[in-house]
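Contents: one structure, followed by commentary.
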Amino acid sequence: MNPTKAHDRLHFAHLPTPLEPMDRLSRHIGGPHLFIKRDDCTGLATGGNKARKLEFLMAEAVGQKADTVITQGAVQSNHARQTAAIASRLNMGCVLALENRTESNDALYLHSGNVLLDNLYGATIHHFPAGSDMDAAMRDLAERHKARGNRPYIIPGGGSNPVGSLGYVNCAFEIAEQLKQQRLRIDRIVHATGSTGTQAGLVVGFHLAEMEIPILGISVRLPKEQQEEKVYDLVKRTSKFLDLEEPPAREKIMVNADYVGDGYGIPTLGMLKAVTMVARHESILLDPVYSGKAMDGLLDIVANKGGFRDEENILFLHTGGSVGLFGYMAAVDAFLSAAPE
Ligand SMILES: *Cc1c(COP(=O)(O)O)cnc(C)c1O
Numbered sequence: 005m006n007p008t009k010a011h012d013r014l015h016f017a018h019l020p021t022p023l024e025p026m027d028r029l030s031r032h033i034g035g036p037h038l039f040i041k042r043d044d045c046t047g048l049a050t051g052g053n054k055a056r057k058l059e060f061l062m063a064e065a066v067g068q069k070a071d072t073v074i075t076q077g078a079v080q081s082n083h084a085r086q087t088a089a090i091a092s093r094l095n096m097g098c099v100l101a102l103e104n105r106t107e108s109n110d111a112l113y114l115h116s117g118n119v120l121l122d123n124l125y126g127a128t129i130h131h132f133p134a135g136s137d138m139d140a141a142m143r144d145l146a147e148r149h150k151a152r153g154n155r156p157y158i159i160p161g162g163g164s165n166p167v168g169s170l171g172y173v174n175c176a177f178e179i180a181e182q183l184k185q186q187r188l189r190i191d192r193i194v195h196a197t198g199s200t201g202t203q204a205g206l207v208v209g210f211h212l213a214e215m216e217i218p219i220l221g222i223s224v225r226l227p228k229e230q231q232e233e234k235v236y237d238l239v240k241r242t243s244k245f246l247d248l249e250e251p252p253a254r255e256k257i258m259v260n261a262d263y264v265g266d267g268y269g270i271p272t273l274g275m276l277k278a279v280t281m282v283a284r285h286e287s288i289l290l291d292p293v294y295s296g297k298a299m300d301g302l303l304d305i306v307a308n309k310g311g312f313r314d315e316e317n318i319l320f321l322h323t324g325g326s327v328g329l330f331g332y333m334a335a336v337d338a339f340l341s342a343a344p345e
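One rule links them: number in our numbering = place in the sequence shown (from 1) + 4.
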């Protein structure tokens, strides 16, 4: 009953990704038992959650005989990097509209990490200042490419539309299967939420798999209410796309926006502590923009908010992005020299 099987899909992600315990981190925090779903290991250009979405999106692009893909994101966008990577292999052009959302002028932020890889894959990058209308920018670029005789396919920011969300509907079924194989009960899933395709897909997928696992999205940008509405909008559109009679209930959408800090892509002390703690206890690399802030939230709720019970099994979905650490070297370095242990 996995409805994504009826949809066109290319297979390039390394799936299923591992689902493993984080024993050392669990012992260290002395609370609930933590598990991790390694979607940082999807294989495409150092991995990440966009690979699952792109399997469905790029299948649609190929189906439409596109020769160029256009997408947008922040300068250190993981989605842009993974799109550039798969476009090369499919022999398509890749045009990236990158918004300097953090208004940084740090050379490493502007050129290293994901941007270095975008360039390595031969993507054409157009830079835009913070606050630009990025959807309009993509439409504009598409018109210019059409005028040149190209067949562009536009992928929305983060790959978050009903087609892209299928990647996470499918991931819910993958997790369900792994829990069965491992005879494991999971009480809660926690992950970073941004453009919403991950959370929306998981909510629809677990609804279809008839599994009641509360999913908490830790926002990396918008306030709670706004992010929940945005996730729910995509839940409804994805449900309709899959011909469900009813979408899952609105109450299934839970977002915590307490760990954004000063804004999207701006480092927080909690993020830097979480990235360091997970590296040193589990050898796992988180990222500064998404998974680091989500893990900060998870650890803070356990340590200070009493939100999760000690006997719970909590699954952290690692959505990738560690390449971004190189774009954020200034913040990481400053943190490590101030707190070497
Ligand atoms: C895009 C991204 C997210 C957010 O996923 P959405 O589906 O956009 O909500 C989380 N983590 C990483 C590393 C990402 O690149």
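All C-beta atoms in this analysis are idealised placements derived from N, C-alpha and C, irrespective of residue type, glycine included.
Burial state of residue i (16 or more Cβ within 10 Å)
{"i": "L38", "result": "buried"}
{"i": "A278", "result": "buried"}
{"i": "S81", "result": "buried"}
{"i": "G153", "result": "exposed"}
{"i": "R225", "result": "buried"}
{"i": "H211", "result": "buried"}
{"i": "Q186", "result": "exposed"}
{"i": "S341", "result": "exposed"}
{"i": "M138", "result": "buried"}
{"i": "P251", "result": "buried"}
{"i": "G135", "result": "exposed"}
{"i": "K41", "result": "buried"}
{"i": "S287", "result": "exposed"}
{"i": "P22", "result": "exposed"}
{"i": "D122", "result": "buried"}
{"i": "R254", "result": "exposed"}
{"i": "Q182", "result": "buried"}
{"i": "E249", "result": "exposed"}
Closest Cα partner of residue i within the set the options
{"i": "G198", "options": "L220, D144 and L112", "result": "L220"}
{"i": "A334", "options": "V282, G117, E181 and A88", "result": "G117"}
{"i": "R13", "options": "V79, D122, T50 and L170", "result": "L170"}
{"i": "V327", "options": "A176, L302, K256 and L120", "result": "L120"}
{"i": "R241", "options": "M258, D122 and V208", "result": "V208"}
{"i": "N6", "options": "F16, D247 and L102", "result": "D247"}
{"i": "G34", "options": "L321, R192, A89 and D314", "result": "D314"}
{"i": "H32", "options": "R56, P218, R85 and A307", "result": "A307"}
{"i": "N317", "options": "M26, L19 and P22", "result": "M26"}
{"i": "T8", "options": "Y236, A65 and Y172", "result": "Y172"}
{"i": "V235", "options": "F245, I217, M258 and K244", "result": "M258"}
{"i": "Y125", "options": "G135, G52 and L48", "result": "L48"}
{"i": "G325", "options": "K57, P292 and Q76", "result": "P292"}
{"i": "Q76", "options": "N104, A65 and G67", "result": "N104"}
{"i": "K57", "options": "P133, L206 and K184", "result": "L206"}
{"i": "A89", "options": "D110, H115, T106 and T50", "result": "T50"}
Unbroken alpha helix (DSSP H) run spanning residue i, endpoints
{"i": "S243", "result": "K228 to F245"}
{"i": "A204", "result": "G201 to L212"}
{"i": "Y113", "result": "A111 to H115"}
{"i": "L170", "result": "P166 to Q185"}
{"i": "F60", "result": "K54 to G67"}
{"i": "A101", "result": "First-last for A101: G97 to N104, but that is the beta strand (DSSP E), not the alpha helix (DSSP H)."}
{"i": "I90", "result": "N82 to R93"}
{"i": "T280", "result": "L273 to E286"}
Between the CA atoms of residue j and residue i - distance to the nearest angstrom
{"i": "G331", "j": "Y113", "result": "4 Å"}
{"i": "K228", "j": "Y294", "result": "16 Å"}
{"i": "T87", "j": "K54", "result": "8 Å"}
{"i": "H130", "j": "L100", "result": "6 Å"}
{"i": "K309", "j": "A261", "result": "14 Å"}
{"i": "K150", "j": "D144", "result": "10 Å"}
{"i": "V239", "j": "A204", "result": "5 Å"}
{"i": "A180", "j": "D266", "result": "36 Å"}
{"i": "S92", "j": "A17", "result": "15 Å"}
{"i": "V79", "j": "D304", "result": "28 Å"}
{"i": "E147", "j": "P156", "result": "9 Å"}
{"i": "S108", "j": "G161", "result": "20 Å"}
{"i": "Q68", "j": "D300", "result": "41 Å"}
{"i": "G52", "j": "D44", "result": "4 Å"}
{"i": "T200", "j": "R284", "result": "30 Å"}
{"i": "I159", "j": "V264", "result": "25 Å"}
{"i": "P133", "j": "A343", "result": "34 Å"}
{"i": "T280", "j": "E24", "result": "19 Å"}
{"i": "S30", "j": "D110", "result": "36 Å"}
{"i": "I190", "j": "Y268", "result": "30 Å"}
8 Å Cβ cutoff, residue i in contact with chain D
{"i": "E103", "result": "Of the protein chains in this structure there is only one, and it is not chain D."}
Residue i - containing beta strand (DSSP E), residue span
{"i": "Q76", "result": "T72 to A78"}
{"i": "K41", "result": "H37 to R42"}
{"i": "R192", "result": "R192 to T197"}
{"i": "I222", "result": "I219 to S223"}
{"i": "N260", "result": "M258 to N260"}
{"i": "E24", "result": "L23 to P25"}
{"i": "N317", "result": "N317 to H322"}
{"i": "F132", "result": "T128 to P133"}
Within 8 Å, do at least three Cβ pairs link the stretch 68 to 82 to the stretch 92 to 104? yes
Check whether the stretch 266 to 275 touches the stretch 295 to 304, taking contact to mean three or more Cβ pairs, one atom from each stretch, closer than 8 Å. yes
Does the stretch 157 to 165 come close enough to the stretch 59 to 70 to have 3 or more Cβ pairs within less than 8 Å? yes
Decide yes or no for the touch test of the stretch 173 to 187 against the stretch 202 to 216: beta carbon pairs closer than 8 Å, at least 3 of them. yes
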